[in-house]
Each structure stands twice: as structure tokens, then as C-alpha cells.
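A.B. asks: Questions regarding the structure given below will be posed in turn.
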Amino acid sequence: MAYTVPKLKDFSPAALDKAADKLLAALDKEVAEIKTESDGKTFRDRWMARKNGILTQVNDLWLKAAPKDAKRDVGQRVNELKARVEQTVDTTLDHIRGGASSKGVPVGRARARDSAFQDRVGTGSYAECLDITLPGLRRPLGAEHPVIKTMNEMVGVFRNLGYSVQEGPEIETDYYNFESLNFPPNHPARDMQDTLFIANQESKPLRDRLLLRTHTSPVQIRTMEKMKPPIRIVIPGKVHRNDPPDASHSPMFHQIEGLAVDINITFGDLKGTLDHAMKAFFGSSVKTSFRPSFFPFTEPSAEMLVSCFICGGSGRRGSEPCRPCKQTGWIEILGCGMVDPNVFEFVKGNGYDSRKVSGFAFGMGPDRIALLKYGVDDLQLFFQNDIRFLRQFA
Ligand code: PHE
12 MAYTVPKLKD FSPAALDKAA DKLLAALDKE VAEIKTESDG KTFRDRWMAR KNGILTQVND
72 LWLKAAPKDA KRDVGQRVNE LKARVEQTVD TTLDHIRGGA SSKGVPVGRA RARDSAFQDR
132 VGTGSYAECL DITLPGLRRP LGAEHPVIKT MNEMVGVFRN LGYSVQEGPE IETDYYNFES
192 LNFPPNHPAR DMQDTLFIAN QESKPLRDRL LLRTHTSPVQ IRTMEKMKPP IRIVIPGKVH
252 RNDPPDASHS PMFHQIEGLA VDINITFGDL KGTLDHAMKA FFGSSVKTSF RPSFFPFTEP
312 SAEMLVSCFI CGGSGRRGSE PCRPCKQTGW IEILGCGMVD PNVFEFVKGN GYDSRKVSGF
372 AFGMGPDRIA LLKYGVDDLQ LFFQNDIRFL RQFA
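Numbering (this note's numbering), first residue to last: 12 to 405.
And the structure:
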């Protein structure tokens, strides 16, 4: 006889236990009898239908009918039963759809009650479920992501020059990201970097408020706080800006920063170092060119271009115009400049006296360099993690 939900007269814990056991026994029995997908659907409707399904009846006949003082206990039990039934129905339906019954595992027992499955394993009928002639799982070897590869290569160039690698946090304070880099509060230069701020920080002083760092430059200050001059460092890392994603923008991207501080460092050192680094990275035939620019933390500031390594600087590829350099023969690679004395003021306690030391800094975007280097036309491809795309770089 099919199970029906009884009306309860007795709501004592013992009586409720008994009623719940009966219901669960009926559930198990019905699960074991399911063979086809349509059995599964009938089963689901019988237990779960809003209108008059077994769970609905339990709600009406047990919970709603319970006297006031038993309501809490009954409510809890009914919730537990509901969860059990729902889970059983879900796993049972999944199991039939997965077609596992064709491998000789009874649909109901093995899955609907985990403990039943465990029993089978424990008693040695495991062989029934395990086909040792199936091939093993192949775990493919990973490979460096093209952006990380580009970063490692570039960092390698500077390591060969005696630079060491530094890192810093991606969640940064206003102080390190802006203030100590000579962006005063409310200064318009802050607008150059569309910043993602962490919410609900208004009660803190401005300099302590958290944000996602918009550049790797805060690690300049962090390093100068802990290392006395002379220093030569490169800082690879992730940065964030409030830029909507498109073929050349992403709210998350990468930078490689460099900083050298010593006595008598000049703009000539900056040019010589970067020129050497570009030749080491792109090939000895590239040329570099510097144009005036502005950053609050460097003075003077410049942007550096390299002669287009795709068209060789001619602006044309055969009879076609060269697209990567927009026919100019030059590609903008980084921002740089001499460390502004105002920046040294923030770390002067650690030996950075701007009358004695000077330095240069630069920051570049390896994502864009990787795009150019590998001839990829959409930045988003780097971050979508489509294995068919990434595999091409392995
Ligand atoms: N931090 C600057 C940016 O993100 C780049 C830069 C770094 C410029 C170091 C000069 C010196 O735009």
C-alpha cells in the first residue's frame, strides 16, 4: 500500500519520531523502485508538488495542526524532513539523468542514501561499481600565462642589471596609493586614475581609507620605508581601475614598476637603463624615444616609446599600413621620470634626503606588451581563461 500522511493526535517527541521514521522509510522504498526518468518525475511530483504533495500535506496535517506549545519542535522536525526529501529527490533525479543505472548500480539505493552506498563498498561489492579497465584520468601540465610570461621575461631583464624584486598589497591605503606619491587630497591629478574605493570608509581619516591600488607605485614608498638607499627594485603586480572592459581595457591589469635611488642618479641613467632593457627585451635593433609627460611623483616626467618592432619603425608592412603603431613607427611603452623631491620627503627619516640622493622610476603595462608581442587583438582573451586560447602559448 502506498504511503499516506497520517493525521497526528499525539505531538510528543516520541510520536513525532515514529511518524518521521515511517515517512523516511516510505521515501527510501519509493526511491529504490524508480527505474525510468518518468518514474522519477512521478516520484518528484508525489513528494514535492505544491498542491497536495506529501511535503505540503506534512505541513498541513502536522505543522499547522500542532498545538501551540508543540509548534516549535514540530516546525524544526518538519524543516529537517523537508530538507531530507528535497535532497533525496534532487540526487535521485540527477542520478537517473546521469544514466548511471546502465553501469549496474541500482538507481535508488546507491545514491539516495549515502550510507547504503557506503555499506556496499564496505561489504566488498565495490567491484560492481568500479570498472578497473577504464583509462586513468589525465592531468594536463599547466603552462605560464602569456601575461605572466611577459612579466617574468621583463623582470628577468632587470634582475640581470642587479635589480631585486619587491611586491606589495593589492588593497592599499589612500596614503600609499596617492598622498605619499605627491597626489594631495582633492588634487585633480587623482582623476587620471579612475579609482575603485572600498565602501563605508567615511569614518576613517582620508589617508587610512582603503582602495584597490591603481598602480604599483605605492610599493616605491613601502620599499623606501624599509630599505635604505641605495636601492634598485622592480615591482611586478596586479592593479585595478574603474575602466569598463573592452579590447584594450580591463578593470584588472598588470604593471611592472622600477625604482633606482642612489647618489648622482641622472636622467641619463634613466635613458640608458631603459634603452638597454628594451633592446634586451624586444631585440637589439629597437630604438627608444622620450617625450615630456606628467606624473605627480616624478619631475621631470616622460613617456617612452620604442620603435615599432612589428614594422621595424617604417609604419608600413609591405603595402599595408602597420596597425599596432598606427603607422607612426613608434609604440608607447611606459611612463617614467626622476623621483620628485616631495616623494623623498615622506621617507626622509630612512635616509632619503633629497639634497643627497636622487633617483628615477618607471612603470609599464605588460598586458599591452603581451598583446603586441603575440599579435592578439583583444585584451579580454587574456582574462577569460578559455583553455583553447591559452593552450596556444604553452
Ligand atoms: N604609476 C604610473 C601610472 O600608473 C606610471 C609611472 C610609474 C610613471 C613610475 C612614472 C614613474 O600611470
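Glycine included, every Cβ here is placed at the ideal spot set by N, Cα and C.
The model shown is predicted, which means the values in this text are computed figures rather than measured ones.
#1: Output the residue ranges of the alpha helix (DSSP H) runs that lie fully inside the region 49-98 and measure 4 residues or longer, sorted by chain position.
#2: With a threshold of 8 Å on Cβ separation, who are the neighbours of residue 369 within its own chain once the five nearest residues in sequence on each side are excluded?
#3: Can residue 189 be considered in contact with the ligand PHE, in the sense that its beta carbon sits closer than 6 Å to one or more heavy atoms?
#4: Between which two residues does the alpha helix (DSSP H) containing residue 233 stretch?
#5: With a threshold of 6 Å (Cβ to nearest heavy atom), would residue 261 be considered close to the ligand PHE?
#6: Tell me whether the beta-carbon of residue 394 lies closer than 7 Å to the beta-carbon of residue 191.
#7: Please confirm whether residue 162 and residue 292 have their CB atoms less than 7 Å apart.
#8: Is it right to say residue 122 is buried, meaning 16 or more other beta carbons lie within 10 angstroms of its own, or is it exposed?
#9: Sort out for me which residues DSSP pairs residue 347 with in a bridge.
#10: Taking the beta carbon of residue 12 as the centre, do at least 16 other beta carbons fall within 10 Å, making it buried, or is it exposed?
#11: Would you grab the beta carbon distance between residue 373 and residue 345 for me? Rounded to a whole angstrom, and I think it's under 8 Å.
#12: Please list, in chain order, all residues of the same chain as residue 404 whose beta carbon is under 6 Å from its beta carbon, the five residues on each side excluded.
#13: Can you tell me which of the three DSSP states residue 356 falls into?
#14: Start and end of the alpha helix (DSSP H) containing residue 283?
#15: Which full runs of the beta strand (DSSP E) of 3+ residues lie inside the region 135-182, going along the chain?
#16: Taking DSSP as the reference, what is the three-state secondary structure of residue 46?
#17: Output the distance between the C-alpha atoms of residue 73 and residue 141, rounded to the nearest integer angstrom.
#18: Using only CA atoms, which one of 266, 200 and 251 lies nearest to residue 208?
#19: For residue 219, count the other beta carbons within 10 Å of its own beta carbon; 16 or more makes it buried, fewer makes it exposed. Which is it?
#20: Might you give, ordered along the chain, the residues of its own chain that have their beta carbon closer than 7 Å to the beta carbon of residue 301, omitting 5 neighbours on each side?
#21: Relative to the alpha-carbon of residue 248, which residue among 216, 375 and 327 has its alpha-carbon at the smallest distance?
#22: To which residues of the same chain is residue 132 closer than 8 Å at the C-beta, ignoring the five residues directly before and after it?
#23: Quick test of the definition: if touching needs 3 or more C-beta pairs under 8 Å, does the region 222-237 touch the region 358-366?
#24: Starting from the Cα of residue 43, find the closest Cα among 65, 99 and 30 and give me that residue.
#25: Does the Cβ of residue 109 have 16 or more other Cβ atoms within 10 Å, making it buried, or fewer, making it exposed?
#26: Report yes if the CB atom of residue 187 is closer than 7 Å to the CB atom of residue 229, and no otherwise.
#27: Return helix, strand or coil for residue 391, following the three-state DSSP convention.
#28: Are residue 37 and residue 14 closer than 7 Å when you measure CB to CB?
#29: If you compare alpha carbons, which of 62, 227, 367 and 306 is closest to residue 180?
#30: Say the cut is 6 Å; is the CB of residue 340 nearer than that to a heavy atom of the ligand PHE?
#31: Ignore the nearest five residues each way along the sequence and tell me which others in residue 19's own chain have a CB closer than 6 Å to its CB.
#32: Comparing the CB of residue 372 with every heavy atom of the ligand PHE, is any distance shorter than 6 Å?
#33: In or out: residue 299 buried (at least 16 other Cβ within 10 Å) or exposed?
C.D. replies: In short, the structure shows the following:
#1: Fully enclosed alpha helix (DSSP H) runs of 4 or longer: 65-69.
#2: Cβ neighbours of residue 369 beyond the five flanking positions: 272, 273, 274, 275, 276, 277, 349 and 350.
#3: No, the beta carbon of residue 189 sits no closer than 6 Å to any heavy atom of the ligand PHE.
#4: For residue 233, the uninterrupted alpha helix (DSSP H) segment begins and ends at 229-237.
#5: With a threshold of 6 Å, the Cβ atom of residue 261 does not count as near the ligand PHE, since no heavy atom of the ligand is closer than that.
#6: For the 7 Å CB-CB criterion, residue 394 and residue 191 do not form a contact.
#7: Their beta carbons are not under 7 Å apart, which means residue 162 does not touch residue 292 by this criterion.
#8: Interpretation of residue 122 is limited by its pLDDT of 42, a score under 50 that renders its predicted location unreliable; the figure taken from the coordinates is listed afterwards. Taking a 10 Å sphere around the C-beta of residue 122, we find 16 or more other C-beta atoms and assign the residue as buried.
#9: According to DSSP, which records beta bridges pairwise, residue 347 is partnered with 313 and 373.
#10: Residue 12 comes out exposed.
#11: Rounded, the Cβ-Cβ distance is 5 Å, consistent with contact.
#12: The beta carbon of residue 404 sits closer than 6 Å to the beta carbons of 157 from its chain, once the five residues preceding and following it are set aside; these are given in chain order.
#13: In this structure, DSSP gives residue 356 a helical state, which the three-state scheme calls helix.
#14: That run of the alpha helix (DSSP H) goes 278-293.
#15: List check, beta strand (DSSP E) in window: nothing returned.
#16: Residue 46: coil per DSSP, three-state reduction.
#17: About 43 Å.
#18: Residue 251 holds the alpha-carbon nearest to the alpha-carbon of residue 208 among 266, 200 and 251.
#19: Exposed.
#20: These residues qualify, in order along the chain: 282, 313 and 315.
#21: Out of 216, 375 and 327, 375 has the C-alpha closest to the C-alpha of residue 248.
#22: With a pLDDT of 49 at residue 132, under the threshold of 50, the predicted position of this residue should be treated as unreliable, and no value is reported.
#23: Verdict: yes, contact present.
#24: For residue 43, the closest alpha carbon among the candidates 65, 99 and 30 is that of 99.
#25: The residue in question, residue 109, is exposed, as its Cβ has fewer than 16 Cβ neighbours within 10 Å.
#26: For residue 187 and residue 229, yes; Cβs fall inside 7 Å.
#27: Helix, per DSSP.
#28: Yes. Within cutoff.
#29: Among 62, 227, 367 and 306, the Cα nearest to that of residue 180 is on 227.
#30: It does not: the Cβ of residue 340 is nowhere closer than 6 Å to a heavy atom of the ligand PHE.
#31: The beta carbon of residue 19 lies closer than 6 Å to those of 73 in the same chain, with the five residues before and after it left out.
#32: Yes, Cβ of residue 372 sits closer than 6 Å to a heavy atom of the ligand PHE.
#33: Buried.
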